[in-house]
Amino acid sequence: KILNLRSCKVNALHHQAIKTVGEGCKAVARETNGIIQAIEYSRHPFTFGVQWHPEYLPQRRTQRALFEALVKEAHKESELTSKKPLRTVA
Numbered sequence: 445k446i447l448n449l450r451s452c453k454v455n456a457l458h459h460q461a462i463k464t465v466g467e468g469c470k471a472v473a474r475e476t477n478g479i480i481q482a483i484e485y486s487r488h489p490f491t492f493g494v495q496w497h498p499e500y501l502p503q504r505r506t507q508r509a510l511f512e513a514l515v516k517e518a519h520k521e522s523e524l525t526s527k528k529p530l531r532t533v534a
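For the sequence shown, my numbering gives the first residue as 445, with consecutive numbering after it.
Okay, structure coming up:
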């Protein structure tokens with residue numbers, strides 16, 4: 445959803461991969477050979493995982509979009525939580 449693409453090039457560097465996705469997870473990106481490269485978790489609005497290394501590809505707009513979405517979501521979450529009253533603990 446973040447990249448809004450049907451396909452993109454990634455740097456698949458791992459020799460291990462997800463065989464079966466866990467409960468509440470959905471495979472959302474696969475290589476042409478079927479290897480899962482990205483998953484989403486349906487029980488939280490912004491939880492996903494990628495098998496490749498987008499941090500190694502900052503020159504690609506599509507890979508930067510992942511980090512931009514992360515920063516945007518963190519900012520949004522920060523705004524929500526900063527409005528909650530703080531509790532004192534001893």
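Beta carbons: idealized from backbone N, C-alpha and C, even for Gly.
Can you tell me which of the options puts its alpha carbon nearest to the alpha carbon of residue i?
i, options, result
"His459", "Thr532, Trp496, Lys470, Phe492", "Trp496"
State the CB to CB distance for the pair residue i and residue j, rounded to an integer number of angstroms; the pair is presumed to be in contact (CB under 8 angstroms).
i, j, result
"Ile480", "Arg474", "6 angstroms"
"Tyr500", "Asn455", "6 angstroms"
Could you give the residue range of the beta strand (DSSP E) that holds residue i?
i, result
"Arg505", "Taken as a continuous stretch (DSSP letters only), Arg505 belongs to no beta strand (DSSP E), being part of the alpha helix (DSSP H) at 505-526."
"Lys470", "469-474"
"Gln495", "Careful: Gln495 lies outside any beta strand (DSSP E) and carries neither H nor E."
Are the beta-carbon atoms of residue i and residue j separated by less than 7 angstroms?
i, j, result
"Gly468", "Arg487", "yes"
"Thr506", "Leu447", "yes"
"Pro498", "Leu510", "yes"
Per DSSP, what kind of secondary structure is residue i in: helix, strand or coil?
i, result
"Gln460", "coil"
"Ala482", "strand"
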